[in-house]
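Colleague: Residue numbers (the numbering used here), protein chains in the order written: chain Y, 711 to 925; chain C, 219 to 569. Cβ atoms here follow ideal geometry from the backbone N, Cα and C, with glycine treated the same way.
Here it is, written out as structure tokens:
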């Protein structure tokens, strides 16, 4: 039976693709990091239409779980999860950096490559790969991690500073992992940062503040 | 699409509750609510990022449970509905992304609706049949304090007033902290207030002075009240006095409820609308329900309060509002709407 994979990644911009038996049938991508929720529906609709694939034919949904900035990242994961639920397809949670690495290494499988994406706040997400294994899947030796730019450096490595995560390559990798019987990730977004919260030290004094303000 | 009694699944993620509801026409089939309230307790209030993360995790289990409870097959749905706003942006986006994908996965139309009008829409699921219009609606929660004039649920809702600072539920949380009570504050204040004297301390009623009423006749303000309580407590604590927590709680609660109900009943009178609907999580407050009932009765106003599970944020009310839209022939939303954290109540159906 064919694997028909709907691949969704919003860890950078929004990228959606349909991959059937390892062949990319259609894809849509934008580097826009501000409009994931607006764009995602049309993109899913368009890739399915262009591929001539009915929703009910989708057997798997590949979800880029990050690393990525939280708010946008969640839109794609939520969409992937809900689509899989509705279509009765299998959800495949994956590392988004693996798709970037595969795009680079597929024509140069012996190379090393460091992959970074924007983590905002003057930081970046980083992963390091040492080529492809014999099933054509990237071998991740480090990461995903978060760092100041340039903190983790491998001197004899290629370096890809990505602004988009190609859902097409994510889907191709999903197919290879399915064929090779590889394990996918647990359903946990790769935020790599805790939520911004400060514990309360109890209520603020108001009387003192009023005096300080000389009222 | 069945427009007589559509089978609709609604997704609500505007704050800290992941709500999945399923209705058939005006019949409630499932109302699953997964709350992340416990995760916010140690911070003393809803943390948006914590809420958004929780939505993502809760979505699939809630969907699964709702479909099982309703005893439906997904392919039998007529439509999917979702809250587009108002609410916390990052939280809303989880629902919007999920709803679009779910609708597409099933080839079903999608309806994006307004959260606040959804609270009003919850009423149609009650046993007593839908409320007549026009009606005044008071929605009170941790995030909203809004007074609406609803001339028609699906086409004509006007915002008469809202809080200009803290929501009423937020004021309960903050005063609970001042009194050393845990989060969420509403039930805690309610519990200790039962033993207190509501007339012990005369706390201020926000925006009720004549000069304020000119500009803010139907608006609310609870920030000054909160500060007044804090000052009252601090002065006595500094003097080494025992704080009469029950009296403070009861007097504070009375101030909130007095201003909520008096402005609301005034709106009923001013607009000649003898109907009032309450909604939002603060409706759990027994004293609010009691005072609202008394004042409604003496003003000759019919008071409606949906079941509590339909008053807090929930997906059933979103499904119910979409169901009403569908029954009136409304077309589905496009696939291009987003999350709108400040969506006005006049935007009942987002295209």
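The ligand SAH heavy atoms versus the CB of residue 880 of chain Y: any closer than 6 Å?
Modeller: You won't find the ligand SAH in this model; it holds no ligand whatsoever.
Colleague: Going by Cα to Cα distance, which pick from Y:788, Y:805 and Y:801 is closest to residue 319 of chain C?
Modeller: In the second chain, counting from the first residue as 1, residue 319 of chain C sits at position 101. If we check each option's Cα against that of residue 319 of chain C, Y:788 comes out closest.
Colleague: Name the one or two DSSP bridge partners that residue 236 of chain C has.
Modeller: Position 18 of the second chain holds residue 236 of chain C. Per DSSP, C:252.
Colleague: Report the neighbours of residue 755 of chain Y on chain B: residues whose CB is nearer than 7 Å to its CB, in chain order.
Modeller: Within the model displayed, chain B is absent; protein chains Y and C are what it includes.
Colleague: Less than 7 Å between CB atoms is the rule here; does residue 276 of chain C satisfy it with respect to chain Y?
Modeller: Along the second chain, one-based indexing puts residue 276 of chain C at 58. So, not an interface residue.
Colleague: Among the candidates Y:822, Y:715 and Y:900, whose CA atom is the shortest distance from the CA of residue 754 of chain Y?
Modeller: Counting from one through the first chain, the residue named residue 754 of chain Y turns up at place 44. Selected option, being the one with the closest Cα: Y:715.
Colleague: What is the DSSP secondary structure of residue 755 of chain Y, counted as helix, strand or coil?
Modeller: What you label residue 755 of chain Y is simply residue 45 of the first chain in a count that begins at 1. Looking at residue 755 of chain Y - three-state DSSP - the assignment turns out to be helix.
Colleague: Using a Cβ-Cβ cut-off of 7 Å, state whether residue 265 of chain C counts as contacting chain Y.
Modeller: As a working mapping, residue 265 of chain C is identified with position 47 in the second chain. Yes - at least one Cβ of chain Y is within 7 Å of the one on residue 265 of chain C.
Colleague: List in chain order: all unbroken alpha helix (DSSP H) runs of 4+ residues lying wholly within the segment 465-553 of chain C.
Modeller: Counting whole runs of 4 or more residues, the segment 465-553 of chain C contains the alpha helix (DSSP H) stretches 504-517, 526-529 and 533-545.
Colleague: Could you check where the alpha helix (DSSP H) with residue 307 of chain C kicks off and where it finishes?
Modeller: Within the second chain, numbered from 1, the residue matching residue 307 of chain C stands at position 89. Counting along the chain, the alpha helix (DSSP H) containing residue 307 of chain C begins and ends at 307-324.
Colleague: Going by alpha carbons, who is nearest to residue 259 of chain C out of C:234, C:240, C:415 and C:562?
Modeller: Taking the second chain and counting its residues from 1, one reaches residue 259 of chain C at position 41. Here the closest residue by C-alpha is C:234.
Colleague: Please list the partners that residue 329 of chain C has in chain Y, where partner means a Cβ-to-Cβ separation under 8 Å.
Modeller: One-based indexing of the second chain puts residue 329 of chain C at position 111. Neighbours of residue 329 of chain C on chain Y: none; closest Cβ ~13 Å, over 8 Å.
Colleague: Which residues in chain Y have a C-beta closer than 9 Å to the C-beta of residue 268 of chain C? List them in chain order.
Modeller: For the purposes of this step, residue 268 of chain C is identified with residue 50 of the second chain, where counting begins at 1. In chain order: 905 and 907.
Colleague: For residue 364 of chain C, which of C:387, C:316 and C:348 has the nearest alpha-carbon?
Modeller: Here residue 364 of chain C corresponds to residue number 146 of the second chain, with the count starting at 1. Residue 364 of chain C has its Cα closest to that of C:387, out of C:387, C:316 and C:348.
Colleague: How big is the Cα-Cα spacing for residue 519 of chain C and residue 326 of chain C?
Modeller: One-based indexing of the second chain puts residue 519 of chain C at position 301. One-based indexing of the second chain puts residue 326 of chain C at position 108. Residue 519 of chain C and residue 326 of chain C: Cα-Cα distance of roughly 41 Å.
Colleague: Going by DSSP, what residue range makes up the alpha helix (DSSP H) through residue 283 of chain C?
Modeller: As a first step, residue 283 of chain C is located in the second chain; it is residue number 65 there, counting from the start. Here the alpha helix (DSSP H) through residue 283 of chain C covers 266-288.
Colleague: What are the residues in the segment 431-448 of chain C lying within 8 Å of chain Y by C-beta distance?
Modeller: Cβ contacts with chain Y: 445 and 448.
Colleague: Using the C-alpha atoms, what's the distance from residue 238 of chain C back to residue 559 of chain C?
Modeller: Against the second chain, residue 559 of chain C aligns to sequence position 341. Against the second chain, residue 238 of chain C aligns to sequence position 20. Answer to the nearest angstrom: the Cα atoms are 20 Å apart.
Colleague: Since residue 765 of chain Y meets chain C, which of its residues come closer than 9 Å, beta carbon to beta carbon?
Modeller: As a first step, residue 765 of chain Y is located in the first chain; it is residue number 55 there, counting from the start. Those are 322, 323, 324 and 325, listed as they occur along chain C.
Colleague: What whole-angstrom Cβ distance do residue 443 of chain C and residue 416 of chain C have, given they're in contact under 8 Å?
Modeller: Here residue 443 of chain C refers to the residue found at position 225 when the second chain is read from its first residue. Here residue 416 of chain C refers to the residue found at position 198 when the second chain is read from its first residue. Residue 443 of chain C to residue 416 of chain C, Cβ: 14 Å. No contact.
Colleague: Restricting to Cα atoms, I'd like to know which of C:323, C:337, C:291 and C:347 is closest to residue 303 of chain C.
Modeller: As a first step, residue 303 of chain C is located in the second chain; it is residue number 85 there, counting from the start. Looking at the Cα atoms, C:337 is the closest of the given residues.
Colleague: How would you write the range of the alpha helix (DSSP H) that residue 788 of chain Y sits in, first residue to last?
Modeller: Taking the first chain and counting its residues from 1, the one referred to as residue 788 of chain Y is at position 78. Note, residue 788 of chain Y: alpha helix (DSSP H), 780-797.
Colleague: Is it buried or exposed, residue 370 of chain C, if we count other Cβ atoms within 10 angstroms and call 16 or more buried?
Modeller: Numbered from its first residue, the second chain carries residue 370 of chain C at position 152. Exposed, by the Cβ-count rule.
Colleague: For residue 748 of chain Y, go through chain C and note every residue whose CB falls closer than 8 Å to its CB, in chain order.
Modeller: Looking up residue 748 of chain Y in the first chain gives position 38. Under the 8 Å cutoff, chain C gives 554, 555 and 556.
Colleague: Within the chosen definition, does the segment 248-255 of chain C reach the segment 373-393 of chain C through at least 3 CB pairs nearer than 8 Å?
Modeller: In short, these stretches do not touch, since the Cβ pair count stays below three.
Colleague: Which residues, taken in chain order from the segment 793-806 of chain Y, show a beta carbon closer than 7 Å to some beta carbon of chain C?
Modeller: Answer set for the segment 793-806 of chain Y: 793, 795, 796 and 797.
Colleague: Would residue 272 of chain C and residue 308 of chain C qualify as a contact pair, given that the criterion is a beta-carbon distance under 7 Å?
Modeller: Taking the second chain and counting its residues from 1, the one referred to as residue 272 of chain C is at position 54. Taking the second chain and counting its residues from 1, the one referred to as residue 308 of chain C is at position 90. Not in contact: residue 272 of chain C and residue 308 of chain C (Cβ atoms no closer than 7 Å).
Colleague: Taking 8 Å as the limit between beta carbons, can you name the residues of its chain near residue 343 of chain C, skipping five residues before and five after?
Modeller: Within the second chain, the letter at position 125 stands for residue 343 of chain C. These residues qualify, in order along the chain: 241, 244, 245, 246, 524, 528, 534, 535 and 538.
Colleague: Since residue 311 of chain C meets chain Y, which of its residues come closer than 9 Å, beta carbon to beta carbon?
Modeller: Stepping through the second chain from its first residue, residue 311 of chain C is reached at position 93. Those within 9 Å of residue 311 of chain C in chain Y are 746, 747, 781, 782, 784, 785 and 788.
Colleague: For the alpha helix (DSSP H) that residue 724 of chain Y lies in, which residues bound it at each end?
Modeller: Against the first chain, residue 724 of chain Y aligns to sequence position 14. Premise fails: residue 724 of chain Y lies in the beta strand (DSSP E), 724-730, not in any alpha helix (DSSP H).
Colleague: Can you give me the C-alpha to C-alpha distance between residue 321 of chain C and residue 751 of chain Y, rounded to a whole angstrom?
Modeller: Numbered from its first residue, the second chain carries residue 321 of chain C at position 103. Numbered from its first residue, the first chain carries residue 751 of chain Y at position 41. Their backbone Cα atoms lie some 9 Å apart in a straight line.
Colleague: Any beta carbon of chain Y sitting closer than 7 Å to that of residue 544 of chain C?
Modeller: Residue mapping note: residue 544 of chain C aligns to position 326 of the second chain, counting from 1. Closer than 7 Å: no.
Colleague: Within the 7 Å Cβ cut-off, does residue 916 of chain Y reach chain C?
Modeller: The residue given as residue 916 of chain Y occupies position 206 in the first chain. For residue 916 of chain Y, the answer is yes, since a Cβ of chain C falls inside 7 Å of its Cβ.
Colleague: Which residues in the same chain as residue 849 of chain Y place their Cβ atom closer than 8 Å to its Cβ, once the five residues preceding and following it in sequence are excluded?
Modeller: Within the first chain, residue 849 of chain Y is the residue found at index 139, counting from 1. Around residue 849 of chain Y: 839, 840, 841, 842 and 843.
Colleague: Just verifying my parser: in three-state terms, what is the DSSP assignment at residue 887 of chain Y?
Modeller: For the purposes of this step, residue 887 of chain Y is taken as the residue at position 177 of the first chain. In this structure, residue 887 of chain Y counts as helix in the three-state DSSP scheme.
Colleague: Excluding five sequence neighbours on each side, which residues of the same chain lie with their C-beta closer than 6 Å to the C-beta of residue 392 of chain C?
Modeller: Stepping through the second chain from its first residue, residue 392 of chain C is reached at position 174. Excluding positions up to five away in sequence, the list reads 444.
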